[in-house]
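Before any comments, here is the structure.
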Amino acid sequence: MFQTLFGDPNKRKIKKYEVIVDEINKLEPTLQSLTDSQLQSKTAKLIDSVHSEKDLDIILPDAFALVREASYRVLGLRHFDVQLLGGIILHEGKIAEMKTGEGKTLVAILAAYLNALSKKGVHVVTVNDYLAKRDAEWVGQVPKFLGLSIGLVQQGISQQERENNYSKDITYITNSELGFDYLRDNMAIEMNDMVQRDFYFCIIDEVDSILIDEARTPLIISGAGDAVDEKYIRANEISKYLDKTTHYEVDEKARNIILTEEGILKCEELLDNKGLYNPEDPWASYIFNAVKAKELFTKDVHYIVKENEVIIVDEFTGRIMVGRRWSDGLHQAIEAKEGATIQNESQTLASITYQNFFLLYPKLSGMTGTAKTEAYELDKIYGLDVICVPTNKKMKRKDFPDLVYKSQYSKWKSIADECLDMHTLGRPVLVGTTSVEKSELLSSLLLEYGIPHNLLNAKPENIKREAEIIAQAGRKGSVTIATNMAGRGTDILLGGNSSYMAKAALSQLTGESTSAKVLIKDDPKLETLSKFLRDQIKLLNLSEEAIQEKISIACEKGFTDDPFIITLRASYQVLEDQYSVLIKKEREEVLTLGGLHVIGTERHESRRVDNQLRGRAGRQGDPGSSRFFLSLEDNLFRIFGGDRIASMMDTLRIEESVPIESSFLNKSLESAQKKVEAYYYDARKQLFEYDEVLNYQRQAIYSERRRILASRNLRNWILQYAETTIRDYVTQYFNTIEQDKSSEPSQRKKLLQKVEDLLGLPYTLDMSSISNLSAKEMTTFLCQHMRIAYDLKESQIELIENGLMRDLERSFLLQKIDSAWKEHLQNMNGLRETIGWRGYGQKDPLIEYKNEAYSLFTSMSVNVRHSVIYLIFRAQPILKN
Ligand code: ADP
Ligand code: MG
């Protein structure tokens, strides 16, 4: 209704941006006539013209036109108008929804270049190391050509390299490296150990993956805690004796289990009549986790076991999440179940959720093919607006209606049939599965049918080839099975990807492997080339690693003056040309056949993820199609479908192999999916709201730490702490005697005693000297003593070594803050857990949590001040002889 009256709001915004795009287009002819160095000299001028954020808006058309021209010269890619639109949206700190294959990587450099002109550092965040490297080496060349510096942070690089790369104008990095570096920086003992600069502007690629899917598990840095392995093992044993429904109930929706009365008795019996909830020797959480591990966590679905280690598999992406652990003992319970090494009960040293982490950026933006369905959440939590950018060419993909089968068996059989049909036709197929287990099930079915296919799932041996497999998924007749979003960010080109083929062939040409022959196909020119390259390698004495590194650089077209890389690049070019010819023909064939066909094997937990899978087909105006195969036994129906679906399953008398058509079914499917979306949204919102409380405290502690690291002299800081502590004592004294005048002498004695204890005074303070003083006077008096004592202590310490007092101050401060914060995090965890269990009647548990968190924090701060002062006044010089 409103839309017809006032027009689609999205369209209206796009209209506004189109005016700017026109402006950029008008600048093109002038820039085209300039030489490379004339173009390059423009960057410095633009930098000079930036004095405030507003200036960036003014120079946007110039900067974008410049990037477009540079991109054309360096990469041979000229930004489409819709890509400029996307760039403007990013610059405005919003989310640009642009479909798969629309060239978002190229879009990012527009906003990255413009914002980097203010010299404060722009971060471009991607979901994995491979993409970060690819993007930095590929499109990063454009801002580099224009005179900006490009950084790349990868897993495993040194502290020094990190700092260096963060200091660049534009830094490519993954979300987890970025988050962990932030946490580590805030645990640093010296300013020099910090690697990041202040946050300025961040562009997140595949933004929904990071801000929504990954937001469910916080980033945690943990250290070793107390080991209690036996309890996990014993609890695991006990869980085997417990039966579902008799001893416990499983709530699949909430992913929780509940012990029945009988179950509790059984456990206590198995535990030699120990109580489950004995505070001295608690067993409840161990048993809960063991049963959860037994019922709700399945190997190869939720996790994999590799080299005696339990590694989480991300349910959405199917990627393994190395280094991440389930919290509160659950991970250990699963390790016990699998007989894997039980890793030390870990203690949280630092943690943050992605929500609060990314909110640290003054300006945040993102891009993805699928954000609109989650626009509400992105706005509510991150304040990010989603704007849909039209596709460059018209979308031609056909999305066929779902086919719903009665049983899993008939569903998978029909999927295999469809793969066979497509394969026979020669149309490439991509099948998305939701778990390693199911992908392997389908793979074995296809084997039976004799259909050659590639399998891509979270198994480590497959992951390495991820990008490569996906890149070839568009070849004629190819069948690819991939867990959900594996290979996200890598393009599926119809007919195949000549760059990948050329790169793979180059690797083979440089190796001794005979399989190179297969690719070379008796081409004498390539034989000669191969021999030449191998001789060079021998001459240069290159390791296998060095060769691969050089090949990577050679294929990415970045600048190089290494003669061997130049040779490699020339060879790559030859190969690429050959493959391009091959592929062009194949592409035509695939186009006529109808392009890529995507098969979904289950509706996902959100429509967004379904759309991501579909989006693999029909890129850049290509033909393509998609279809989902479902069964009434799918989790979504089973758990969220309600009773009517269940009864339908029993009463249906149709043949198994015939798909069911019913509008009722479609409706309940949709409502089930919405229920799941809402459920997960609530879970994320709750995590966010609870972490927000901790977030204020984290910010307070982190900024205090930063100020400590930045100051050279902390003497005044310590004196301040001491004064505050003394003032607290005095206030307490006055409060007490106000209630009971007669207690004055004993209270006064107590006050003086406390001050003497705090400062470790070697003499007693005179009782009469402070009688009849006001609170202010009394504080001043006591503080005078404190200052004298401090000066004495300082001269005593400084005798040993010049500057020693300053060192002591710093180290005591950091030591106490860090240990208190660590303990606080643990208390907050405990609080969080108990808040859930306690009944509050009508009270809101979140408010209770906030109140208690506040008082925990206050007492922590008091504690820090007190113990720092206590320590420092007792520091004893030990004279060396
Ligand atoms: P997305 O991230 O949006 O899925 P990519 O950034 O991976 O897309 O780009 C997809 C493909 O489109 C790449 O192969 C890239 O070379 C190509 N491409 C992007 N922009 C252009 C352009 N302006 N002209 C021609 N090709 C382009
Ligand atoms: Mg991409």
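Using the UniProt record's numbering, the first residue of the sequence shown is number 1, and each one after it goes up by one. Ideal Cβ positions, reconstructed from N, Cα and C, are used throughout, including at glycine. Given the structure is predicted, the values throughout are model-derived calculations rather than measurements.
Item to check | Assigned secondary structure, R475 (DSSP; H/G/I helix, E/B strand, else coil) | outcome: In the sequence shown, counting from the first residue as 1, residue 475 sits at position 475. Of the three classes helix, strand and coil, the one that applies to R475 here is coil, per DSSP.
Item to check | Beta-carbon gap between I708 and E809 smaller than 7 Å | outcome: Counting from 1 along the sequence shown, the entry for residue 708 is found at position 708. Counting from 1 along the sequence shown, the entry for residue 809 is found at position 809. No, these two residues do not count as a Cβ contact at 7 Å.
Next on the checklist: Can you tell me whether K104 sits near ligand 2, meaning its C-beta is under 6 Å from at least one heavy atom of the ligand?
Outcome noted: On the sequence shown, residue 104 is found 104 positions in, with the first residue counted as 1. Indeed, a heavy atom of ligand 2 lies less than 6 Å from the Cβ.
Next on the checklist: Once DSSP output is grouped into helix, strand and coil, what is the label at L687?
Outcome noted: In the sequence shown, residue 687 corresponds to position 687, counting from 1. Three-state result, L687: helix.
Next on the checklist: In chain order, what are the residue ranges of uninterrupted beta strand (DSSP E) at least 3 long that sit wholly in the UniProt domain "Helicase ATP-binding" (85-243)?
Outcome noted: 95-97, 122-126, 150-152, 170-174, 201-205 and 219-224
Item to check | Residue burial classification, A775 (beta-carbon count within 10 angstroms, cutoff 16) | outcome: Taking the sequence shown and counting its residues from 1, one reaches residue 775 at position 775. Counting Cβ neighbours within 10 Å, A775 comes out exposed, since fewer than 16 surround it.
Checklist entry - Hey, is T126 close to ligand 1, as in C-beta under 6 Å from one of its heavy atoms? => result As a working note, residue 126 is residue 126 in the sequence shown. T126: no, Cβ never under 6 Å from ligand 1.
Checklist entry - For I88, which of V74, Y200 and K104 has the nearest alpha-carbon? => result Position 88 of the sequence shown, counting from 1, holds the residue named residue 88. The shortest C-alpha separation from I88 is found at K104.
Checklist entry - Residue range of the beta strand (DSSP E) that N541 falls in? => result Your numbering for residue 541 matches position 541 in the sequence shown. Where N541 is concerned, there is no enclosing beta strand (DSSP E), given that its DSSP letter is neither H nor E.
Item to check | Reduced DSSP category for E309 - H, G, I as helix; E, B as strand; rest coil | outcome: Counted from its first residue, the sequence shown places residue 309 at position 309. If DSSP states are grouped into helix, strand and coil, E309 belongs with the strands.
Next on the checklist: Let me check you understand the geometry: is the CB of L77 closer than 6 Å to at least one non-hydrogen atom of ligand 1?
Outcome noted: Here residue 77 refers to the residue found at position 77 when the sequence shown is read from its first residue. Because some heavy atom of ligand 1 lies under 6 Å away, the Cβ of L77 counts as near it: yes.
Checklist entry - M805: buried (16+ other C-beta within 10 angstroms of its C-beta) or exposed? => result Here residue 805 refers to the residue found at position 805 when the sequence shown is read from its first residue. Under this definition M805 is a buried residue.
Next on the checklist: Please state whether the Cβ-Cβ distance between A336 and V310 is less than 7 Å.
Outcome noted: Numbered from 1 along the sequence shown, position 336 holds the residue referred to as residue 336. Numbered from 1 along the sequence shown, position 310 holds the residue referred to as residue 310. No, Cβ-Cβ distance for A336 and V310 is not below 7 Å.
Checklist entry - With C-beta atoms as the reference, is F640 less than 7 Å away from V676? => result Residue numbering aside, residue 640 sits at position 640 when the sequence shown is read from its first letter. Residue numbering aside, residue 676 sits at position 676 when the sequence shown is read from its first letter. Yes. Within cutoff.
Next on the checklist: Suppose you measure from the CA of A554 to the CA of E69; what does that come to, to the nearest Å?
Outcome noted: In the sequence shown, residue 554 corresponds to position 554, counting from 1. In the sequence shown, residue 69 corresponds to position 69, counting from 1. Using only the alpha carbons, I get a separation of about 23 Å.
Checklist entry - Buried or exposed: where does P762 fall if 16 or more other Cβ atoms within 10 Å of its Cβ makes it buried? => result Looking up residue 762 in the sequence shown gives position 762. It counts as exposed.
Checklist entry - To which residues of the same chain is E418 closer than 7 Å at the C-beta, ignoring the five residues directly before and after it? => result Stepping through the sequence shown from its first residue, residue 418 is reached at position 418. Excluding residues within five positions, the ones whose Cβ falls inside 7 Å are I599.
Checklist entry - Expressed to the nearest angstrom, what Euclidean distance is found between the alpha-carbon atoms of N10 and I387? => result Residue numbering aside, residue 10 sits at position 10 when the sequence shown is read from its first letter. Residue numbering aside, residue 387 sits at position 387 when the sequence shown is read from its first letter. Cα to Cα, N10 sits roughly 6 Å from I387.
Checklist entry - For P659 versus L445, is the C-beta distance shorter than 7 Å? => result Against the sequence shown, residue 659 aligns to sequence position 659. Against the sequence shown, residue 445 aligns to sequence position 445. No.
Next on the checklist: Is G615 near ligand 4 - that is, is its Cβ less than 6 Å away from at least one heavy atom of it?
Outcome noted: In terms of ligand content, the structure shown lacks ligand 4 and carries ligand 1 and ligand 2 instead.
Checklist entry - For H866, which residues of its own chain have a beta-carbon under 6 Å away from its beta-carbon, when the five flanking residues on both sides are left out? => result For the purposes of this step, residue 866 is taken as residue 866 along the sequence shown, with counting starting at 1. Counting only Cβ-Cβ distances below 6 Å, and skipping sequence neighbours, we find T725.
Checklist entry - Taking the Cβ atom as the reference point for each residue, do K99 and G369 lie within a distance shorter than 7 Å? => result Here residue 99 refers to the residue found at position 99 when the sequence shown is read from its first residue. Here residue 369 refers to the residue found at position 369 when the sequence shown is read from its first residue. Between K99 and G369, the CB-CB gap stays under 7 Å.
Item to check | Member of Y172, K274, T30 and L85 whose CA lies at the smallest distance from the CA of I14 | outcome: Taking the first residue of the sequence shown as position 1, residue 14 is located at position 14. Among Y172, K274, T30 and L85, the Cα nearest to that of I14 is on L85.
Item to check | 6 Å CB neighbourhood of L871 in its chain, flanking five on each side removed | outcome: Locating residue 871 in the sequence shown gives position 871, counting from the first residue. Answer for L871: F812, listed in chain order.
Next on the checklist: Just checking G474 against ligand 2 - is the residue's beta carbon closer than 6 Å to any of the ligand's heavy atoms?
Outcome noted: By 1-based counting over the sequence shown, the position of residue 474 is 474. G474 Cβ: outside cutoff for every heavy atom of ligand 2.
Checklist entry - Over what stretch of residues does the alpha helix (DSSP H) that includes N25 continue unbroken? => result Taking the first residue of the sequence shown as 1, we reach residue 25 at position 25. It spans P9 to Q32 - the alpha helix (DSSP H) in which N25 sits, taken as one unbroken run.
Item to check | Minimum Cβ-Cβ distance from S657 to chain D less than 7 Å | outcome: Given the protein chain composition of this structure (a single chain), no chain D is represented.
Checklist entry - When we look at the beta-carbon of P563 and count the other beta-carbons within 10 Å, is it buried (16 or more) or exposed? => result To locate residue 563, count along the sequence shown from 1; it is residue 563. Exposed, by the Cβ-count rule.
Checklist entry - What residues match up with D399 in a beta bridge as DSSP calls it? => result For the purposes of this step, residue 399 is taken as residue 399 along the sequence shown, with counting starting at 1. Paired residues: S626.
Item to check | Segment limits, beta strand (DSSP E) that includes S365 | outcome: The sequence position of residue 365 within the sequence shown is 365, counting from 1. That run of the beta strand (DSSP E) goes K363 to T368.
Item to check | C-alpha gap between F400 and H597, whole angstroms | outcome: Against the sequence shown, residue 400 aligns to sequence position 400. Against the sequence shown, residue 597 aligns to sequence position 597. Whole-angstrom Cα-Cα distance: 11 Å.
Checklist entry - What first and last residue would you give for the alpha helix (DSSP H) that runs through Y376? => result The count along the sequence shown starts at 1 and reaches residue 376 at position 376. Segment A375 to Y382, the alpha helix (DSSP H) holding Y376.
Checklist entry - From D561 to H123, what does the alpha carbon distance come to, in whole angstroms? => result In the sequence shown, counting from the first residue as 1, residue 561 sits at position 561. In the sequence shown, counting from the first residue as 1, residue 123 sits at position 123. Whole-angstrom Cα-Cα distance: 28 Å.
Next on the checklist: Taking a contact to mean a Cβ-Cβ separation below 7 Å, would you say K476 touches E602 in this structure?
Outcome noted: Locating residue 476 in the sequence shown gives position 476, counting from the first residue. Locating residue 602 in the sequence shown gives position 602, counting from the first residue. No. Outside cutoff.
Next on the checklist: Determine whether the beta carbon atoms of A820 and V864 lie at a separation below 7 Å.
Outcome noted: Translated into the one-based positions of the sequence shown, residue 820 becomes position 820. Translated into the one-based positions of the sequence shown, residue 864 becomes position 864. Cβ distance < 7 Å, so A820 and V864 count as in contact.
Item to check | Given S285 as reference, the closest of L349, E833, D251 and E689 once Cα atoms are compared | outcome: For the purposes of this step, residue 285 is taken as residue 285 along the sequence shown, with counting starting at 1. Closest by alpha carbon: E833.
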